[in-house]
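In my numbering, the protein residues as written are 2 to 200.
First the structure, in the form of C-alpha cells, and then the observations on it.
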C-alpha cells in the first residue's frame with residue numbers, strides 16, 4: 002500500500018513539469034533542463050543535479066553511468082554512451098593562490114561538459130570537467146578525456162590521443178539524410194561481419 006501511495010505522490014509532484022523535460026528513472030521521475038525524444042538509459046545509471054543537463058534526441062546511455070552536473074552537461078542528438086562512463090561538470094578548488102583549506106576548500110569551480118551530436122563514447126570512459134567533444138567523434142574504451150576533442154576525431158588510450166579522423170564527407174552525407182543510429186536501428190539486432198568485409 003505504501004509503495005502505491007509513494008508512486009501516486011511522485012506522479013502528482015511531477016505532473017506539473019512539462020513531459021519533455023521529465024524522464025522516468027527507476028521508480029522516480031527526474032527533471033532535466035531539456036530532454037529530447039527517444040532517450041534510453043541502461044540500468045543503475047545515476048544523474049546528479051539533473052536540472053543542469055540537456056539531453057538531445059535518439060540518445061542512449063549505457064549501464065552504470067554516472068553524471069555529476071554541478072554545471073551544465075549537454076549531450077547532443079544521436080549520441081551513444083557505453084557502460085560505466087563517468088562525467089563531471091565541475092571540480093573542487095584545490096590550486097588557487099587564495100586556497101583556504103587542504104586538500105581543497107569550500108569553493109566549487111563550474112566547468113561545463115559539452116558532447117556534440119552523433120558522438121560514440123565506449124565503455125569505462127572518464128570525462129573530465131570542462132571537456133568539449135566535437136560532433137561525430139569516437140572515444141575509445143577506457144579513455145580519460147579532458148579538454149577539446151575535435152569533430153570526427155577517433156580517440157584512444159588512457160591519455161586520449163587522436164589516432165585518426167572519420168570521413169567528414171561521409172558523416173555529413175549520412176547525418177544529412179537522417180541516418181542516425183538511435184533513430185534508424187533502435188531495437189534491432191546487430192549484423193556481425195568480419196573487418197575484412199568492410200570497405
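Note that CB positions come from ideal geometry on N, CA and C, so glycine has one too.
All figures in this text were calculated on a predicted structure; none of them were measured in a lab.
Which of helix, strand or coil DSSP assigns to residue 53: On the chain shown, residue 53 is found 52 positions in, with the first residue counted as 1. When secondary structure is reduced to three states using DSSP, residue 53 falls in the helix class.
Exposed unless 16 or more other CB atoms sit within 10 angstroms - verdict on residue 253: Not covered by the structure: residue 253. The range shown for the chain is 2 to 200.
Residue from 125, 146, 121 and 123 whose Cα sits closest to the Cα of residue 131: If you number the chain shown from 1, residue 131 lands on position 130. The shortest C-alpha separation from residue 131 is found at 146.
For residue 95, three-class secondary structure by DSSP: In the chain shown, the residue the question calls residue 95 occupies position 94. DSSP places residue 95 in coil when its eight states are reduced to three.
Neighbourhood of residue 64 by C-beta distance below 8 Å, restricted to the same chain and skipping five residues each side: Here residue 64 refers to the residue found at position 63 of the chain shown. Taken in chain order, the residues that qualify are 43, 44, 45, 46, 84 and 85.
Close Cβ partners of residue 109 (< 8 Å) along its chain, the five nearest in sequence each way excluded: As a position in the chain shown, residue 109 is number 108, starting the count at 1. 71, 91, 92, 93 and 94, listed in sequence order.
Residues of its chain near residue 165, where Cβ-Cβ distance is below 6 Å and the 5 sequence neighbours each way are ignored: For the purposes of this step, residue 165 is identified with residue 164 of the chain shown, where counting begins at 1. Sequence-distant partners of residue 165 (beyond 5 residues in either direction) whose C-beta falls short of 6 Å from its own C-beta, in its chain, are 155.
Straight-line gap, residue 178 to residue 73 (C-alpha atoms, nearest Å): Residue mapping note: residue 178 aligns to position 177 of the chain shown, counting from 1. Residue mapping note: residue 73 aligns to position 72 of the chain shown, counting from 1. Distance from the CA of residue 178 to the CA of residue 73, rounded to the nearest whole angstrom, comes to 30 Å.
Per DSSP, the bridge partner or partners of residue 69: To locate residue 69, count along the chain shown from 1; it is residue 68. Within the DSSP secondary-structure output, residue 69 pairs in a beta bridge with 49 and 89.
Assigned exposure category for residue 139 - 16 Cβ within 10 Å defines buried: Residue mapping note: residue 139 aligns to position 138 of the chain shown, counting from 1. Its Cβ being crowded by 16 or more others within 10 Å, residue 139 is buried.
Alpha-carbon spacing of residue 148 relative to residue 117, whole angstroms: For the purposes of this step, residue 148 is taken as the residue at position 147 of the chain shown. For the purposes of this step, residue 117 is taken as the residue at position 116 of the chain shown. One C-alpha to the other measures close to 14 Å.
Residue 133 versus 124, 161, 143 and 107, residue with shortest Cα-Cα distance: On the chain shown, residue 133 is found 132 positions in, with the first residue counted as 1. Nearest C-alpha to residue 133: 161.
Any beta strand (DSSP E) of 3 or more consecutive residues that is wholly inside the region 88–150: With a minimum length of 3 residues, the continuous beta strand (DSSP E) runs that stay inside the region 88–150 are 91–93, 109–111 and 114–116.
Separation of residue 104 from residue 66, as counted between CA atoms: The residue given as residue 66 occupies position 65 in the chain shown. The residue given as residue 104 occupies position 103 in the chain shown. Whole-angstrom Cα-Cα distance: 27 Å.
Residue environment, residue 81, which counts as buried when at least 16 other CB atoms sit within 10 Å: Your numbering for residue 81 matches position 80 in the chain shown. Residue 81 should be labelled buried.
Check whether residue 169 and residue 137 have beta carbons under 9 Å apart: Against the chain shown, residue 169 aligns to sequence position 168. Against the chain shown, residue 137 aligns to sequence position 136. Yes, the pair counts as a contact, with Cβ atoms nearer than the cut-off.
Residue interval of the beta strand (DSSP E) (run including residue 153): Looking up residue 153 in the chain shown gives position 152. Annotation for residue 153: no beta strand (DSSP E) segment contains it, and DSSP assigns it neither H nor E.
Candidates 68, 38, 150 and 119, of which the one nearest residue 125 by Cα: Along the chain shown, one-based indexing puts residue 125 at 124. Nearest option by C-alpha distance: 68.
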